[in-house]
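First comes the structure, then the notes that go with it.
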Amino acid sequence: LDESWCWNAIDGLTGTEAELNATCTQFYVDPADPDTPASYAGGCTRGCSACYLGTRANGDYVCKGSAPLYPSSTDAQPPPPLASPSPSPPPPPPLLSPPLPSPPPALLPPSASPLPPPSTSPPPSHPLQLISECPATAFRLGRVHLSGQVDGEWCGGRVSAESSVPVPADQEHCEGAYVDPLWEPPEPAEYAFDCSQGCAKCVYGENENGIYVCTNDRDSITTGCNGSTSPGLEYTQHRTRLTGSLDESWCWSAINGLTGTEA
134 LDESWCWNAI
144 DGLTGTEAEL
154 NATCTQFYVD
164 PADPDTPASY
174 AGGCTRGCSA
184 CYLGTRANGD
194 YVCKGSAPLY
204 PSSTDAQPPP
214 PLASPSPSPP
224 PPPPLLSPPL
234 PSPPPALLPP
244 SASPLPPPST
254 SPPPSHPLQL
264 ISECPATAFR
274 LGRVHLSGQV
284 DGEWCGGRVS
294 AESSVPVPAD
304 QEHCEGAYVD
314 PLWEPPEPAE
324 YAFDCSQGCA
334 KCVYGENENG
344 IYVCTNDRDS
354 ITTGCNGSTS
364 PGLEYTQHRT
374 RLTGSLDESW
384 CWSAINGLTG
394 TEA
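Residue 134 is where the sequence shown starts when you use the working numbering, and the numbers rise one by one after that.
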């Protein structure tokens, strides 16, 4: 509608990666679809796009938008606007015994301002799953998103130079990022960056040649929750998804090789 996109959020700003990430991820775009009529009132029915921090090929930071998502048919509808108050009803007939008097209203101190009336506007629609809603992908919070198979941004580019000793600044830069997607989406232009094609956090460590590198943490690879809200399937909203027949990732693999107590 007004050409206000994710990249505007940090355009011309300078700061640390964490500062730019915090600024960028405060925003989302609505509507994301082109040719949306000027009468559009919001609510994501013309697509909402979440903003995330990424990097360009030259290493500059850029605030990007995810593929548009739309409210599902199962989303709760906003409540109807409150009706105008009706005139006061006539007083009831006198009771046989007088009712107890109501306590007097509390008086505000002279310096206090009256509280504003509660808002009657409907709550905003949130079709995008918050990344904190799925424990499997909670590591994304506070980390910079690298777009992997979509734009070729990987953990390996997070170190400044080859080193045989640990570099604290490189470790901090490395472990402040994650990759999504790890595998090429069927439709890259429509991928919603929801971990359905694999997410992994970046970790810093020594490789087989004694060089400190930044790599994908294989132990953190997940496809997220991406479940259903249908009755009986609520658990799919907060458990890590295994892909079964697609990749032979079954329940038994969840603890294969692990030791520990039953709990």
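From the three backbone atoms N, C-alpha and C, an ideal C-beta is built for every residue, glycine too. Because the structure is a prediction, the values reported are computed rather than measured.
- Between residue 272 and residue 353, the CB-CB gap stays under 8 Å.
- Contact between residue 348 and residue 328 is ruled out by a C-beta separation of about 18 Å, above the 8 Å threshold.
- Per DSSP, the unbroken beta strand (DSSP E) holding residue 348 starts and ends at 345-349.
- If you ignore the 5 residues before and after residue 146, its C-beta comes within less than 7 Å of the C-beta of 153 and 156, all in its own chain and listed in chain order.
- Ranking 342, 195 and 392 by CA distance to the CA of residue 297 puts 342 first.
- When DSSP states are grouped into helix, strand and coil, residue 322 belongs to the helix group.
- Inside the region 149-184, DSSP marks whole alpha helix (DSSP H) runs of 4 or more residues at positions 150-157, from first to last along the chain.
- Residue 328: not part of any alpha helix (DSSP H); DSSP gives it neither H nor E.
- From the listed residues 374, 319 and 346, the smallest Cα separation to residue 267 is found for 374.
- The beta strand (DSSP E) runs of length 3 or more contained entirely in the region 264-313 are, from start to end of the chain, 277-279 and 310-312.
- The closest CA to that of residue 166, considering only 181, 160, 172 and 158, is found on 181.
- Burial is judged here by how many other beta carbons sit within 10 angstroms of a residue's own beta carbon; residue 270 has at least 16 and is buried.
- Rounded to the nearest angstrom, the gap between the Cα atoms of residue 278 and residue 313 is 7 Å.
- Looking at 335, 192 and 318, the one whose alpha-carbon comes closest to that of residue 282 is 318.
- Listed in chain order, the non-local C-beta contacts of residue 137 below 6 Å within the same chain number zero, local neighbours out to five positions each way being set aside.
- For residue 194, the enclosing beta strand (DSSP E) covers residues 194-198.
- Distance from the Cα of residue 325 is smallest, within the candidate group 184, 144, 174 and 178, for 184.
- A straight line joining the alpha-carbon of residue 173 with that of residue 204 spans about 15 Å.
- Here residue 159 is exposed: its Cβ has fewer than 16 other Cβ atoms, across all protein chains shown, within 10 Å.
- By a beta-carbon distance limit of 8 Å, residue 303 contacts residue 345. Their separation comes to about 7 Å.
- At the C-beta level, residue 177 and residue 143 stay beyond 8 Å of one another.
- By the neighbour-count definition (other C-beta atoms within 10 Å, threshold 16), residue 189 is an exposed residue.
- Setting aside the 5 residues that flank it on each side, residue 288 is surrounded in the same chain by 279, 307, 310, 312, 335, 347, 348 and 349, each with a C-beta closer than 7 Å to its C-beta; the list follows chain order.
- DSSP, reduced to helix, strand and coil, places residue 382 within a strand of the structure shown.
- In this structure, the CA atom of residue 377 is about 20 Å from the CA atom of residue 391.
- With distances taken between CA atoms, residue 148 lies nearest to 186 out of 274, 164, 170 and 186.
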